[in-house]
Amino acid sequence: MFKLQELIQRHTDELARSITQEQGKTLADARGDVFRGLEVVEYAAGIGRDLMGEYVEHVSGGIDTFSIRQPLGVTAGICPFNFPAMIPLWLFPLATAAGNSMVLKPSERDPGAAMILAQLALEAGLPKGVLNIVHGTHDTVNRILDHPDIASISFVGSDAAGRYIYERGCANGKRVQANMGAKNHAVVMPDANMEATTSALVGAAFGAAGQRCMAISAAVFVGGMGPYREALIEKAKSLKVSAGWEAGADVGPVISPQAKQRIERLIESGVKQGARCDMDGRGIKVAGYPDGNWVGPTLLSGVQPHMECYQEEIFGPVLVCLEVDTLDEAIALINANEHGNGTAIFTGSGAAARRFQSDVDVGMVGINIPIPVPLPFFSFTGWRGSFYGDLQMYGKMGVQFFTRTKTVTQSWKDADSKAIPGLA
Ligand code: NAD
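This is how it looks when you write it as structure tokens:
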């Protein structure tokens, strides 16, 4: 793992170029994609700590019980398009450091980074056959789901695929963890620092073209939107939409023409259902790239919970804005949403933050932090519709997922050891 860490650091630019070319995100975002995965490789280098078992001496006369953690055998990973380096790195370093082999299926839309990582893993000394990359879509996934030798499945992707994979994988007796979609809300309290909050919202809603499972896609203004409308428009206008490799690009294209059409349709549905389009990113032209899948930053305000643009995960650079009167109403709104991946509150009040952190039914909470993705010594803890399973990805839970506990009870009585002088 130390060697792999060093190799990934050395090849970060190559990985980032591959990601930008295939996925479209800016080179800075692509480097971040690699870096957030690299942190898990660093964590995996210290895996011994999490593999330790437990020991109780003298559970009865001359009898001790202890537990050890052993690998599952063959594990599998099925990855989404939006983090082509980070998600494979959430999975194979911990799986293999815990003693398993892994069959990893990258997204068919951007498999390049996973191929480079597998090459680097070989170079770092991972024995042949321990990490196996397979390509494809539904048929390949079905083969993984049904293969009797595969003991576990780690999935990251959309709700529809995740539910299907969880159900079929579990029905086949496999251990499954499934990270799925999100609708992450940011609550803005009247006492929030306006400049910092505006920057945080714009970065978290429009960065990576909104194609992050931890993107802020809904802003809930307690006490009304007030001057935030103008401030958000002003800040979002300063973002440059262009190809990821162009200097100064902030927002790249979305992944496919179908994704662009879907995002545009959801914006239109918001307008038809009565939302106000304060900033419209549809139909923008980007010099030099007439056929790109461009959607510019889009702001919908006056959004109501029944609207399709609120109900659906848009997965594009669109921020829907809602207004409520109290913090309790904001919490109730978030808790009624089917997803529970991440959320954030912006406030100067410790008491408001504490109430929010305690009462919100969401697995990752940011307090004046828009995208609270935990570092690898914690785990990625989405809740409710955003996660099926029990043990979550990376951190201690990640190691527990890739291992199973064997509990040994042993009897070594002094009287049995007559041959050893002094023991009888
Ligand atoms: P996707 O579900 O379309 O694809 C994910 C993987 O599943 C791919 O490898 C794909 O080949 C496979 N797949 C897709 N449909 C399938 C089906 N019907 N049967 C079998 N296999 C199938 O997801 P995507 O568009 O690549 O990624 C975007 C989604 O991933 C968003 O919903 C986003 O929120 C989610 N995501 C979640 C997290 C998280 O940690 N919660 C992280 C990143 C992305």
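When we follow the UniProt record's numbering, the leftmost residue of the sequence shown carries the number 1, and every step to the right adds one. By construction, the Cβ of each residue, glycine as well, lies at the ideal position given by its N, Cα and C atoms. Just so it is clear, the structure is predicted and the values come from calculations on it, not from any experiment.
Best match in Met393, Thr407, Trp412 for proximity to Phe92 [C-alpha to C-alpha]: Met393
Alpha carbons only, please: which of Gly73, Arg17, His58 is nearest the one belonging to Phe66? Out of Gly73, Arg17, His58, His58 has the C-alpha closest to the C-alpha of Phe66.
Do the CB positions of Gly348 and Val362 come within less than 8 Å of each other? No. Outside cutoff.
Closest Cα partner of Ala209 within the set Ser199, Lys240, Ile345: Lys240
Does the ligand NAD have even one heavy atom less than 7 Å from the beta-carbon of Gly382? Short note on Gly382: C-beta closer than 7 Å to some heavy atom of the ligand NAD.
Please classify Pro88: does DSSP put it in a helix, a strand, or coil? helix
Phe35 - DSSP class collapsed to helix/strand/coil: helix
State the DSSP-derived secondary structure class of residue 450, mapped to helix, strand or coil. The structure shown does not extend to residue 450, since the chain spans only 1 to 424, so no value can be given for it.
Hey, which unbroken runs of the alpha helix (DSSP H) at 4 residues or more fall wholly within the region 297-353? 308-311, 327-336
Determine the contact status of Gln5 and Ala45, defining contact as a CB-CB distance below 8 Å. yes
What residues are listed by DSSP as bridge partners for Phe221? Val188, Glu323
Between residue 440 and Thr197, how many whole angstroms is the CB-CB distance? I'm expecting something under 8 Å. Residue 440 is absent from the structure shown; the chain starts at 1 and stops at 424.
Tell me the rounded alpha-carbon separation between Ser152 and Ala219. 37 Å
Flag this pair as yes or no: are the beta carbons of Leu104 and Leu145 separated by less than 8 Å? no
Going straight from the alpha carbon of Phe377 to that of Ala192, what length do you get? For Phe377 and Ala192, the gap between their C-alpha atoms comes out near 30 Å.
Give me the residue from Lys272, Met1, Asn82, Pro297 with the minimum Cα distance to residue 437. Outside the displayed range of the chain (1 to 424) lies residue 437, so it cannot be described from this structure.
Checking the sheet assignment: what are the DSSP bridge partners for Lys174? Paired residues: none, contrary to the question.
Measuring only the C-alpha atoms, how far is Leu299 from Asp50? 45 Å
Drop a sphere of 10 angstroms on the beta-carbon of Pro111, count the other beta-carbons inside from all chains shown, and report buried for 16 or more, exposed for fewer. buried
Start and end of the alpha helix (DSSP H) containing Tyr228? 228-237
If Gly125 sits next to Lys3, beta carbons under 8 Å apart, how far is it from one beta carbon to the other, in whole angstroms? The Cβ separation is near 6 Å, so the contact holds.
Between which two residues does the alpha helix (DSSP H) holding Pro257 run? 257-272
Drop a sphere of 10 angstroms on the beta-carbon of Ala182, count the other beta-carbons inside from all chains shown, and report buried for 16 or more, exposed for fewer. buried
Spatial distance of Glu22 from Ile116 (CA atoms): 13 Å
Report back the beta-carbon spacing between Val254 and Val295 to the nearest angstrom; my notes put them in contact at under 8 Å. 6 Å
Below 8 Å on the Cβ atoms is my contact criterion, and I expect Ser101 with Cys79 to pass it. Report the Cβ-Cβ distance as a whole number of Å. Actually they are not in contact, since the Cβ atoms of Ser101 and Cys79 sit about 17 Å apart, beyond 8 Å.
Which residue marks the beginning of the alpha helix (DSSP H) containing Thr12, and which one marks its end? Residues 12-23.
Quick one: Cα of Glu39 to Cα of Leu375, how far? 8 Å
Counting beta carbon pairs with one atom in the region 405-413 and one in the region 162-178, are three or more of them shorter than 8 Å? Segments in contact, no.
Can you list, in chain order, the residues of its chain whose CB lies under 7 Å from that of Ala332, leaving out five sequence neighbours each side? Counting only Cβ-Cβ distances below 7 Å, and skipping sequence neighbours, we find nothing.
Would you say Phe206 and Ala243 are within 8 Å of each other, going by their C-beta atoms? no
Local Cβ density within 10 Å of Ala114, reported as buried at 16 or more and exposed below that: buried
Select from Thr96, Ile150, Asn142 the residue whose C-alpha is nearest the C-alpha of Val74. Ile150
What is the residue span of the beta strand (DSSP E) that Leu131 lies within? Segment 131-133, the beta strand (DSSP E) holding Leu131.
Endpoints, the alpha helix (DSSP H) within which Ala121 is located: Per DSSP, Ala121 belongs to the alpha helix (DSSP H) from 112-123.
Would you please state the rounded distance, in angstroms, between the beta carbons of Arg229 and Ser301? I believe it to be under 8 Å. 6 Å
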